[in-house]
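First the structure, in the form of structure tokens, and then the observations on it.
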Amino acid sequence: MTRFSLPRRINSLALMTIAVCSACLLPPAVIAAPQKKASSSAVAEKNAAPNLEAFNSATDIPTLRTGNKGPAVARAQILLDRAWYSTGEIDGKYADNMQRMVRAYQSAHALKVTGTVTPETWQSLREDSAPLLVTYTVTDKDAAGPFEKTPPAMEDRAQMKALPYETLEEALAERFHSGQGYLRQLNAGRKLEAGSEIVVPNVSPVGKAPAGAASIEIVKSRHVLYVLDAKKRPIAGFPISIGNEKNDPLPVGDMAIKNEVRNPTFTYNPVLLKNAPRNAAKVDVAAGPNNPVGSIWMGLTKPHWGIHGTPNPTNVGHSETNGCIHMTNWDAERLSTLAKAGFKVSVSP
34 MTRFSLPRRI
44 NSLALMTIAV
54 CSACLLPPAV
64 IAAPQKKASS
74 SAVAEKNAAP
84 NLEAFNSATD
94 IPTLRTGNKG
104 PAVARAQILL
114 DRAWYSTGEI
124 DGKYADNMQR
134 MVRAYQSAHA
144 LKVTGTVTPE
154 TWQSLREDSA
164 PLLVTYTVTD
174 KDAAGPFEKT
184 PPAMEDRAQM
194 KALPYETLEE
204 ALAERFHSGQ
214 GYLRQLNAGR
224 KLEAGSEIVV
234 PNVSPVGKAP
244 AGAASIEIVK
254 SRHVLYVLDA
264 KKRPIAGFPI
274 SIGNEKNDPL
284 PVGDMAIKNE
294 VRNPTFTYNP
304 VLLKNAPRNA
314 AKVDVAAGPN
324 NPVGSIWMGL
334 TKPHWGIHGT
344 PNPTNVGHSE
354 TNGCIHMTNW
364 DAERLSTLAK
374 AGFKVSVSP
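Numbered per our numbering, the sequence shown spans residues 34 to 382.
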């Protein structure tokens, strides 16, 4: 199977330092307790690995709603992801991100908006008939990394030459838009090492990029970013995390995309942070997927603010931040193929 990749549009600012807004970091208190990244040594899920052929050939169309779990949920998540309505991490769990994206997908496809995956929603999603799970052979390059533990303290991160993935499991999970726990579940009993054939969500046949992208709308209460066409109709949707109301709330109103930077370095400036330790120093953090702003930055006309990736995809849509608009790295990269400098960004409550 070919390696998953995304079209890239590289801004003339191929690499620059991003100064922290107030801030692009998770605070001590969030809506839901932030989940630590699962290490590759974590115990494998007890669920048996699914039969790939049975998973792909299933024709059942159960009505799915918040709280449901299992293969049918994962199938719907993969189809939504390929239709440009991302649920964040694919994990087989019907939670808030999925409910929001189902509603957005239904609205965009003239379906009754229920937030549940109805038979009519299944019929629309299944116009995409590509396999939902596929096999992938881990390459020597994949296994070689580099991999390195990300220290919690910014001054320690500033000593690193790059902020790479911590483990092979993390790298593969992000490439295939999957939660690390779900990747383990898909591959119970298999080792993640060079030469291993593993089962992964088939996210590479992403549907054709939606045409006519004209602006971005962010709905704070839903933790959702929509890409709109010229008639203000949603053509893509992504879960986001945003600043909390106590520290640096995302302002309601209009902004615009100012620039785009791939593989940004990051300036941690405690002066701009309300929660910074008293003796914290200003430092620069090198580029990499586990950089505090992830793999891409889209700067906004509000100083120090941007739409960007994150080293913690599990938290996206579920937690508050000290500022900025956080997306999974893969969703931020996909958004960058639709948006461009000058795009209007409207924020509603």
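Backbone N, C-alpha and C fix where the C-beta goes; we use that ideal spot for every residue, glycine too.
Once the 5 residues before and after Ala-116 are set aside, which same chain residues still bring their CB inside 6 Å of it?
Gly-240
Starting from Leu-261, trace the alpha helix (DSSP H) both ways and give me its first and last residue.
Unbroken run through Leu-261 is the beta strand (DSSP E), 257-261; no alpha helix (DSSP H).
For Arg-108, which residues in the same chain have their Cβ closer than 6 Å to its Cβ, ignoring the five residues on either side in sequence?
Leu-165
By the DSSP assignment, the alpha helix (DSSP H) with Ile-111 in it spans what residues?
104-115
If you draw a straight line from the C-alpha of Val-233 to the C-alpha of Thr-168, how long is it?
6 Å
Check the C-beta distance from Gly-342 over to Gly-321 and give it rounded, since I have them as a contact under 8 Å.
Contact flag wrong, Cβ pair sits at about 11 Å.
Identified DSSP bridge partners for Arg-295
Ile-329
Just the Cα atoms here: how many angstroms apart are Asn-80 and Gln-218?
Residue placement at Asn-80 is poorly supported in this model, since its pLDDT is 49, which falls under 50; the coordinates are not used for a value here.
Between Leu-333, Gly-356, Val-150, Lys-194, which has its C-alpha nearest Asn-308's C-alpha?
Gly-356
For Met-134 and Thr-120, believed in contact at Cβ under 8 Å, the rounded distance
5 Å
C-alpha distance - Tyr-118 paired with Val-294, whole-angstrom precision
24 Å
Can you check whether the CB of Val-378 is closer than 8 Å to the CB of Ile-251?
yes
Pull up the distance between the alpha-carbon of Ile-329 and that of Asn-84, whole angstroms please.
36 Å
Assess contact between the segment 246-261 and the segment 153-164, defined as three or more Cβ pairs (one per stretch) separated by less than 8 Å. Is contact present?
no
Which residues in the same chain have their Cβ closer than 8 Å to the Cβ of Arg-98, if we skip the five residues on either side of it in sequence?
Tyr-127, Gln-132, Gly-148, Thr-149, Val-150
Closer than 8 Å is the cut-off here; do at least three beta carbon pairs connect the segment 254-269 with the segment 220-236?
no
For Pro-346, count neighbouring C-beta atoms within 10 Å of its own C-beta (all shown protein chains included) and say buried if the count is 16 or more, exposed if not.
buried
Skipping 5 residues on each side, what residues in its chain have a beta carbon closer than 7 Å to that of Asn-130?
Thr-120, Gly-121, Pro-272, Gly-350
When every heavy atom of the ligand GDP is checked, does at least one fall within less than 7 Å of the C-beta of Asn-84?
As for the ligand GDP, it is missing from this structure, which has no ligand bound.
Less than 7 Å between C-beta atoms, sequence neighbours within five positions excluded: which residues of the same chain meet that for His-142?
Ser-157
Secondary structure at Asp-317, three-state DSSP: helix, strand or coil?
strand
From Met-187, Pro-184, Ala-374, Leu-144, pick the residue whose C-alpha is nearest to that of Met-288; which is it?
Ala-374
For Leu-305 and Thr-154, what's the separation of their Cα atoms in angstroms?
45 Å
By the 10 Å Cβ neighbour count, where 16 or more other Cβ atoms means buried, how is Pro-336 classified, buried or exposed?
exposed
Closest by CA to Thr-172, which one among Ser-248, Ile-340, Glu-230?
Glu-230
For Pro-267, is the classification buried or exposed, using 16 other Cβ atoms within 10 angstroms of its Cβ as the cut-off for buried?
buried
For my contact list, Asp-124 and Gly-270 are in at a C-beta cut-off of 8 Å; report their separation, rounded to the angstrom.
18 Å between Cβ atoms; not a contact.
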